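What follows is a short report on a single structure.
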Amino acid sequence: MTDLFQHFREDERDFIEKVIGWKEYVLSSYSPKLTDFLDPREQEIVRSLIGDQKEVNAAFQGGTPQAERKRALLYPEYLEPDHDDFALSLFQISYPSKFVNLEHRQVLGALMSIGLKRSKYGDILIEDENIQLVAAEEMDDFLKLQLTEIGKAKVELKKIDFSKAIAKHDEWSESSTTVSSLRLDAVIAAIYGISRQKVQPLLQAGQVKVNWRTAEQGSMECQEGDRISVRGFGRSKVTEILGRTKKDKIRLLFGRQK
1 MTDLFQHFRE DERDFIEKVI GWKEYVLSSY SPKLTDFLDP REQEIVRSLI GDQKEVNAAF
61 QGGTPQAERK RALLYPEYLE PDHDDFALSL FQISYPSKFV NLEHRQVLGA LMSIGLKRSK
121 YGDILIEDEN IQLVAAEEMD DFLKLQLTEI GKAKVELKKI DFSKAIAKHD EWSESSTTVS
181 SLRLDAVIAA IYGISRQKVQ PLLQAGQVKV NWRTAEQGSM ECQEGDRISV RGFGRSKVTE
241 ILGRTKKDKI RLLFGRQK
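Every letter in the sequence shown is one number past the one before it in full-length UniProt numbering, and letter 233, counting from 1, is 233.
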């Protein structure tokens with residue numbers, strides 16, 4: 001068990017123990033376990049811990065092919081899961097779009113204000129004036145009853161088929177840079193072209209996330225595959241650590257979301 005934890009960050013220990021519990025449940029009960037929505041890092045941990053053994057398998061669904069947040073289904077080998085097993089709902093959010101312009105952050109804020117846990121809904125899909133929400137099916141009644149307002153706009157939810165879901169198109173531009181170390185503050189400064197002094201207040205204000213978790217320590221060491229989000233500056237990812245230059249700097253390949 002100790003060896004297992006060495007492959008992950010300390011703050012991921014609780015989630016790892018949860019996944020081990022899910023796995024043991026499937027093995028002992030010989031029945032499936034459906035999780036709440038997981039972010040991509042959590043999905044990666046589930047895949048890593050389940051591996052390719054036959055006794056317990058894992059499948060993921062978020063409603064659309066490009067979904068970021070997905071529910072995981074851990075299941076025994078006899079089962080062949082289908083879409084219905086993931087208990088997903090897609091809602092169309094109607095609002096007076098002629099008079100109001102709603103943004104992703106406002107939808108997120110409204111969901112938080114009604115007390116809905118982030119693990120109970122998936123992606124918020126927006127295209128022009130069209131807004132959709134993927135949620136756990138068990139939240140249908142709660143959402144219809146409670147989500148009546150976003151910002152100052154009155155809204156109405158209508159459940160629709162996933163064939164009508166908005167397609168997400170995430171585009172990344174790749175570049176390379178050099179850093180003196182893999183410290184988070186140094187990596188952010190290099191990727192976003194700002195000074196390390198300006199990075200510190202962003203960290204302290206909780207405006208930086210690494211792998212979808214708030215990061216407050218600039219000394220945290222970045223790894224290949226890390227996803228970084230800085231409020232006001234956008235998302236990026238550490239694609240590859242390419243080694244050292246002749247001047248002993250570390251060369252990074254990174255992507256920034258367009």
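Ideal Cβ positions, reconstructed from N, Cα and C, are used throughout, including at glycine. The structure displayed is predicted, hence computed values, not measured ones.
Cβ pair residue i, residue j closer than 7 Å
i: Val134; j: Tyr95; result: no
i: Gly218; j: Asp170; result: no
i: Glu224; j: Ile241; result: yes
i: Leu90; j: Ile150; result: no
i: Val46; j: Val19; result: yes
i: Val199; j: Ala190; result: no
i: Val56; j: Lys23; result: yes
i: Trp172; j: Gly243; result: no
Closest residue to residue i among the options (Cα-Cα distance)
i: Gln92; options: Phe99, Arg105, Gly62, Gln132; result: Gln132
i: Gln257; options: Ile166, Val230, Arg244, Glu24; result: Val230
i: Asp226; options: Val187, Thr148, Gly51; result: Val187
i: Lys117; options: Glu216, Pro201, Val210, Ala136; result: Ala136
i: Leu147; options: Val56, Ser113, Leu102, Phe162; result: Ser113
i: Gly62; options: Ile126, Tyr121, Gly255, Tyr78; result: Tyr121
i: Glu175; options: Gly51, Leu253, Pro81; result: In the sequence on display, residue 175 carries Ser and not Glu. Measuring from the Cα of Ser175, the nearest candidate turns out to be Leu253.
i: Asp128; options: Glu77, Pro76, Val100; result: Val100
i: Pro201; options: Glu216, Asn211, Lys209; result: Glu216
Cβ distance (whole Å) where residue i is taken to contact residue j below 8 Å
i: Arg71; j: Leu88; result: 7 Å
i: Arg213; j: Asp11; result: 7 Å
i: Ile250; j: Ser181; result: 7 Å
When you compare the stretch 32-42 with the stretch 71-83, are there three or more beta-carbon pairs, one atom per stretch, that lie closer than 8 Å? Because the criterion of three Cβ pairs below 8 Å is met, the stretch 32-42 and the stretch 71-83 touch.
Those runs of the beta strand (DSSP E) which lie wholly inside the stretch 57-84 and span at least 3 residues: Listed in chain order, the complete beta strand (DSSP E) runs (minimum 3 residues) inside the stretch 57-84 are 70-76.
Could you pull out every unbroken beta strand (DSSP E) segment of at least 3 residues lying fully inside the stretch 208-252, listed in chain order? Under the rule that a run must span 3 or more residues, the beta strand (DSSP E) segments found entirely inside the stretch 208-252 read 208-210, 227-230, 234-244.
Taking only runs of the alpha helix (DSSP H) that begin and end inside the stretch 110-178, which ones reach a length of at least 4 residues, in chain order? DSSP runs (the alpha helix (DSSP H)) wholly in the stretch 110-178: 140-146.
Validate contact between the stretch 148-168 and the stretch 200-207 using beta carbons, cut 8 Å, 3 pairs: Judged by Cβ distances under 8 Å, the stretch 148-168 makes no contact with the stretch 200-207, as fewer than three pairs qualify.
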